[in-house]
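Q: To start, I am sharing the structure in question, which I have written as structure tokens.
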């Protein structure tokens with residue numbers, strides 16, 4: 004089955020700095036890579052996703068890059084703000100209904116004012 | 482539109498007791514997922530339904546966990562009997578179709594097994 008590794012487990016930055024979270028996956032058949040933000044005690048919410056036919060996607064201060072050859076993808080947050088503080092999860096999923104969405108263990112991002 | 486609904490939000494039981502969780506997905510969403518999220522970890526898929534059929538339950542501990550979605554709308558997840566290691570948040574999610582991948586999560590049920 005799919006195995007998703009996520010690093011770092013904790014990331015502490017100053018407000019205004021950039022933050023980068025990296026994930027690797029094992030199943031070359033995976034073709035959908037979402038990122039979720041989960042604030043303390045709340046549900047995970049999708050913030051950005053990327054499909055395997057695209058190398059990079061950007062949405063305001065958030066961007067995701069995908070390297071299919073190396074089987075890794077990354078989340079980039081620029082100009083971080085205290086409200087970006089949360090746990091971020093990457094996930095990988097193949098096509099079709101029977102592919103299990105597999106999540107990373109999460110990165111706790113702390114943005115200091 | 483209304484989001485994914487789950488109940489109860491919190492449940493405390495003793496080991497060996499039974500517990501059931503309920504989920505109502507977003508209207509029209511054919512695919513429903515149940516996840517287990519242990520503190521400090523990412524969600525782990527337990528079972529995935531497409532309408533009222535099971536698509537994947539390979540990670541469901543079938544000796545104690547069961548789930549159903551009889552009419553293809555709402556779903557229940559049951560644990561019988563519960564163990565200490567079942568303490569976790571149980572998240573329900575839904576998506577329009579399995580091939581349309583964005584999942585919307587419910588607020589979760591926090592289970593504590595004493």
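Protein chains in written order, with the working numbering: chain A, 4 to 116; chain B, 482 to 595.
Glycine included, C-beta positions come from ideal geometry on N, C-alpha and C.
Since this is a predicted model, take the numbers as computed values, not measurements.
1) Are the CB atoms of residue 590 of chain B and residue 497 of chain B nearer to each other than 8 Å?
2) Just to make sure I have the definition right: I need the residues of chain D whose C-beta is within less than 8 Å of the C-beta of residue 502 of chain B. Which are they?
3) Counting only Cβ-Cβ distances shorter than 8 Å, please list the residues of the segment 520-543 of chain B near chain A, keeping chain order.
4) Along chain B, in chain order, which residues have C-beta atoms closer than 7 Å to that of residue 120 of chain A?
5) Which residues in the same chain have their Cβ closer than 6 Å to the Cβ of residue 108 of chain A, if we skip the five residues on either side of it in sequence?
6) Give the residues of chain B in contact with residue 78 of chain A, contact being defined as C-beta atoms less than 7 Å apart.
7) Can you name the residues of chain B whose CB is closer than 8 Å to the CB of residue 103 of chain A?
8) Exposed or buried, what is residue 483 of chain B when buried is set at 16 or more other beta-carbons lying within 10 Å of its beta-carbon?
9) If you run the structure through DSSP and keep just helix, strand and coil, what is residue 85 of chain A?
10) To which residues of the same chain is residue 87 of chain A closer than 7 Å at the C-beta, ignoring the five residues directly before and after it?
11) Please list, in chain order, all residues of the same chain as residue 17 of chain A whose beta carbon is under 7 Å from its beta carbon, the five residues on each side excluded.
12) Tell me whether the beta-carbon of residue 563 of chain B lies closer than 8 Å to the beta-carbon of residue 500 of chain B.
13) Where does residue 13 of chain A land, buried or exposed, given buried means 16+ other C-beta within 10 angstroms?
14) Provide the residue(s) that pair with residue 113 of chain A in DSSP beta bridges, ordered along the chain.
A: So, from the data block:
1) Here the question's residue 590 of chain B lines up with position 109 in the second chain. Here the question's residue 497 of chain B lines up with position 16 in the second chain. Not closer than 8 Å, so no.
2) Looking for chain D here will not work: the only protein chains present are A and B.
3) For the segment 520-543 of chain B, which is checked against every Cβ of chain A, the residues closer than 8 Å are 521, 522, 523, 524, 525, 526, 529, 531, 536, 537, 539 and 540.
4) An answer regarding residue 120 of chain A cannot be provided, because it is not within the stretch 4 to 116 covered by chain A.
5) The count along the first chain starts at 1 and reaches residue 108 of chain A at position 105. The residues are 9.
6) The residue you call residue 78 of chain A lines up with position 75 of the first chain. The contacting residues do not exist; residue 78 of chain A stays about 14 Å from chain B at best.
7) Counting from one through the first chain, the residue named residue 103 of chain A turns up at place 100. Result: 526, 529, 537, 539 and 540.
8) Position 2 of the second chain, counted from the start, is the residue given in the question as residue 483 of chain B. Classification for residue 483 of chain B: exposed.
9) Within the first chain, residue 85 of chain A is the residue found at index 82, counting from 1. Helix.
10) Translated into the one-based positions of the first chain, residue 87 of chain A becomes position 84. Excluding residues within five positions, the ones whose Cβ falls inside 7 Å are 80, 112 and 114.
11) Working through the first chain from its first residue, we reach residue 17 of chain A at position 14. Result list for residue 17 of chain A: 115, in chain order.
12) Taking the second chain and counting its residues from 1, the one referred to as residue 563 of chain B is at position 82. Taking the second chain and counting its residues from 1, the one referred to as residue 500 of chain B is at position 19. Result yes, Cβ atoms of residue 563 of chain B and residue 500 of chain B sit closer than 8 Å.
13) Here residue 13 of chain A is taken as the residue at index 10 of the first chain, counted from 1. Here residue 13 of chain A is exposed: its Cβ has fewer than 16 other Cβ atoms, across all protein chains shown, within 10 Å.
14) Start at 1 with the first residue of the first chain, and residue 113 of chain A comes out as number 110. Per DSSP, A:15.
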